[in-house]
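Peer 1: Residue numbers (the numbering used here), protein chains in the order written: chain A, 2 to 283; chain B, 2 to 283; chain C, 2 to 283. Every residue gets a Cβ at the ideal spot worked out from N, C-alpha and C, and that includes glycine.
(1) Is it right to say residue 89/C is buried, meaning 16 or more other beta carbons lie within 10 angstroms of its own, or is it exposed?
(2) Does DSSP put residue 218/A in a helix, a strand or coil?
(3) Roughly how many angstroms lie between the CA atoms of residue 183/A and residue 48/A, to the nearest whole one?
(4) Just checking: is the beta-carbon of residue 15/B within a distance shorter than 8 Å of some beta-carbon in chain A?
(5) In whole angstroms, what is the alpha-carbon distance linking residue 65/C and residue 92/C?
(6) How big is the Cα-Cα spacing for residue 253/A and residue 227/A?
(7) Going along the chain, which residues of the segment 243-254 of chain A sit with their C-beta nearer than 9 Å to a C-beta in chain B?
(8) Could you compute how far the alpha carbon of residue 180/B sits from the alpha carbon of residue 195/B?
(9) What's the gap between the Cα of residue 283/A and the Cα of residue 119/B?
(10) How many Å lie between residue 31/C and residue 174/C at the Cα?
(11) Do you know offhand how far residue 112/C's Cα is from residue 113/A's?
(12) Taking only the alpha-carbon atoms, compute the straight-line gap between residue 151/C and residue 68/C and give it to the nearest angstrom.
(13) Under 8 Å between the Cβ atoms of residue 55/B and residue 102/B?
(14) Check this for me: beta carbons of residue 70/C and residue 133/C, under 8 Å apart or not?
(15) Whose Cβ in chain B lies nearer than 9 Å to the Cβ of residue 56/A?
(16) Would you call residue 199/B buried or exposed, if buried means 16 or more other Cβ atoms sit within 10 Å of its Cβ?
(17) Name the one or two DSSP bridge partners that residue 112/B has.
(18) What span of residues does the beta strand (DSSP E) with residue 23/C cover, start to end?
(19) Would you mind listing the beta strand (DSSP E) stretches within the segment 224-280 of chain C that are 3+ residues and don't spill past its ends, in chain order?
(20) So that I know if they touch, is there some Cβ in chain A lying closer than 8 Å to that of residue 126/B?
(21) Which one or two residues does DSSP pair with residue 94/A in a beta bridge?
(22) Quick one, which of 22/A, 165/A, 52/A has its alpha-carbon nearest residue 186/A's?
(23) Would residue 9/B and residue 29/B qualify as a contact pair, given that the criterion is a beta-carbon distance under 8 Å?
(24) Can you tell me the Cα-Cα spacing of residue 19/C and residue 279/A, whole angstroms?
(25) What residues of chain A sit near residue 73/B, judged by a beta carbon separation below 7 Å?
(26) The beta strand (DSSP E) with residue 183/C in it runs from where to where?
(27) Need the endpoints of the alpha helix (DSSP H) that residue 102/C sits in, please.
(28) Residue 234/C versus chain B: which residues are under 9 Å apart at the beta carbon?
(29) Per DSSP, residue 168/B forms a beta bridge with which residues?
(30) Run the CB neighbour count on residue 130/B, radius 10 Å, all protein chains shown included, and call it buried at 16 or more, exposed below.
(31) Of the residues 116/C, 218/C, 264/C, which one's Cα is nearest the Cα of residue 158/C?
(32) Give a yes or no on contact between the segment 261-277 of chain B and the segment 216-233 of chain B, applying the rule of three or more CB pairs nearer than 8 Å.
(33) Using 8 Å as the limit for Cβ to Cβ distance, is residue 62/B near chain C?
(34) Quick check: what's the CA-CA separation for residue 43/A versus residue 11/A?
(35) Would residue 232/A and residue 245/A be called neighbours here (beta carbons separated by less than 8 Å)?
(36) Excluding five sequence neighbours on each side, which residues of the same chain lie with their C-beta closer than 6 Å to the C-beta of residue 154/B?
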């Protein structure tokens, strides 16, 4: 089985940066299988990077190595690490919050700091702005290809030291649930929350029920309405709002073939909260 | 020979959706060769999806399996199918018009409905909004890798039931030909029609001849002019208009190094018609 | 070792053009490993194409074949060539300036003109607008897979005939250096010059020194200021300007987590010059 090496970054695909990382990886092992999560993470947006990893890692084969480079702190004392996940998967990344979602969902088993004296592209010592190429791609490729084992990465770090972005916990009071609008289903403008199908047991909605939804950014109310709980988009007409369980098995709200996010000016992230309750009960 | 699995969608590359589909495919068979048509189909634009498949399938090796997911009807009763094409190629797709161009050009040999009781990612039964991952990528990977044969997809469907988008036929009256501006050569703004080099026999233009061109959206005239029939862009000056035979061997009109579509506000599709006749004859 | 075939173009990824090129390559050899530099070169921008190749080729394994198609002159008498680089790497491209940076840096060892009577996709003779597919992808794939050797490309051309874009030489007068702002670090808006770390010996800056920087487009002054010479972005606060040695080991100027290019309206290219001197000396 060929080991997979999967890249993510905020570099975009418009220049040569991603290609340089992949080239370096193929220099380590020309038979690697290389693929991508996305390179369109918003510049410096560690939160998005964390979410996207969390969204995809479980769908990749065991043994896959992910390299995620959203690294506004390059040149600071932020640590470079490799996290070992369940299923013998690995993430090579700056420890700057990128591991938040994987850690909170219990998928990070241990973490080691990359020892750059052993794990850095030869001759790159004078380059200080592209650790994606010189450290992360290089180390990810060596790990994926078996040139080094995980224990050769460097010293083990306590998981308690892992840098997290605070997003708050789901709050359930009676039949009202408050969670975070974590991310947009970008192309379509749907809002994806962290409220799971299990959390929804507090409401026990069945398809067709109306849900009261309030969306707040910090304390500002951006939306208040009542939407049907549906199995899929097609249960409402084009242009109508709905709530549904998305492909991550979390609560989402959207508009059939239009953008909820655009219509109401909603930007996802840890400061964007969604409160849902049963309209029947209310 | 490694079998190829080639994805197309309207998901964009900005989130984790395409990566999740590819990961699932590699879980089916870690040695598949995976590539893409495009993931920048305009959201919900089945017509574009149909054209892009038609544009590329013949250039891929025999045996290639295409997975096309432009699926505004996910959750409706639209069927999920696999079409078998000439050259032992396959398209896994919702049957929502995506097969229009391949069908009209005689390249679809037969079609089967995907039996989701056999061909669906295990454990995905509660997810109702991402058949691209749970049904199409999974089935495409199993077909490409030989885990299942084509006959295991499900029941055979009559080709007469295949969902088509109506685009009208080429009309030739004397030396006037009317066809459809099917699509843009997006980056460059050229207009690509469905008028073939054979259709042009009605005019028999030779390089340098002037052609009268009228472009209509529904009944509204967007352009009327006379342009030279050229072998390639370089036969006119930068900024000058021309007609030419494009890489699909169809009639196209454009401006050398500028955008015809932008200048005249033209959006391609089944409602956009182009009428061409010989200026010499006219 | 699988030979690598790496594509670059100004086609974008929004239509089927890149996929058609890759499909043709896999038809030549289904076991090729295909990857990309970028397909987002600005339309017709040969300068960018030249820079991006120069940025990445050294990071790919020896033996890699690059296919670069930014070809505004398709249909003119511009030559189609294959350049042999140091490290047994190859570039298949129109000879229209795309090889400028590789040539000026001494990496082009020889060049042959593609003989299209031998090296052209069968049956494509009537297509005159897509040499990327019909000539370049096809020839690149045959070269990478070993179907043909380099000497079968066609006649050898003198390197003196190679088409170059004039960018002027670095000028060093005392402790003032004038170079070209060659390209943007697109996503982040930093300016990358062709002034090397060796050129900087004329100033001998140490980290923390202030540098006087003037940026001119043709004769128009776009920026004049004094910025600290830093090891990396994190040495200044968010929003502050800095100069640094980038991942190409060239002088760059930027703003920490903001866009220098956008703030001052700077477009890179051969007409954009940067003059740097020591503020201490000034």
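Peer 2: In terms of the structure at hand:
(1) exposed
(2) Correct three-state label for residue 218/A: strand.
(3) 9 Å
(4) Between residue 15/B and chain A, the shortest Cβ-Cβ separation is below 8 Å.
(5) 9 Å
(6) 14 Å
(7) 245, 246, 247, 248, 249, 250, 253
(8) 6 Å
(9) Model confidence at residue 283/A stands at a pLDDT of 44, short of 50, so the residue's coordinates are unreliable; what they give is reported in the following sentence. Residue 283/A and residue 119/B: Cα-Cα distance of roughly 42 Å.
(10) 55 Å
(11) Here the C-alpha atom of residue 112/C lies approximately 48 Å from the C-alpha atom of residue 113/A.
(12) Near 14 Å, if we compare the C-alpha coordinates of residue 68/C and residue 151/C.
(13) Cβ distance < 8 Å, so residue 55/B and residue 102/B count as in contact.
(14) Contact: yes.
(15) Residues of chain B passing the Cβ test: 16, 17, 18, 20, 21.
(16) exposed
(17) 84/B, 158/B
(18) Per DSSP, residue 23/C belongs to no beta strand (DSSP E); it is in the alpha helix (DSSP H), 18-29.
(19) When DSSP assignments are scanned along the segment 224-280 of chain C, the uninterrupted stretches of beta strand (DSSP E) that are 3 or more residues long and fall wholly within it turn out to be 242-246, 251-256, 273-279.
(20) Using beta-carbon distances, residue 126/B does not count as an interface residue toward chain A, since no partner is under 8 Å.
(21) 82/A
(22) Minimum Cα distance to residue 186/A is reached at 52/A.
(23) The beta carbons of residue 9/B and residue 29/B sit no closer together than 8 Å.
(24) 49 Å
(25) Within chain A, the residues 258 have their CB atoms less than 7 Å from the CB of residue 73/B, given in chain order.
(26) Per DSSP, residue 183/C belongs to the beta strand (DSSP E) from 177-186.
(27) 101-105
(28) For the C-beta of residue 234/C, not a single chain B residue is nearer than 9 Å; the gap to the nearest is close to 24 Å.
(29) In the DSSP assignment, no residue is bridged to residue 168/B.
(30) Counting Cβ neighbours within 10 Å, residue 130/B comes out buried, since at least 16 surround it.
(31) Looking from the CA of residue 158/C, the closest CA among 116/C, 218/C, 264/C belongs to 116/C.
(32) The segment 261-277 of chain B and the segment 216-233 of chain B touch, with no fewer than 3 CB-CB distances between them shorter than 8 Å.
(33) Chain C contact via Cβ: present.
(34) Residue 43/A and residue 11/A: Cα-Cα distance of roughly 6 Å.
(35) Between residue 232/A and residue 245/A, the C-beta spacing is below 8 Å.
(36) 83, 113, 115
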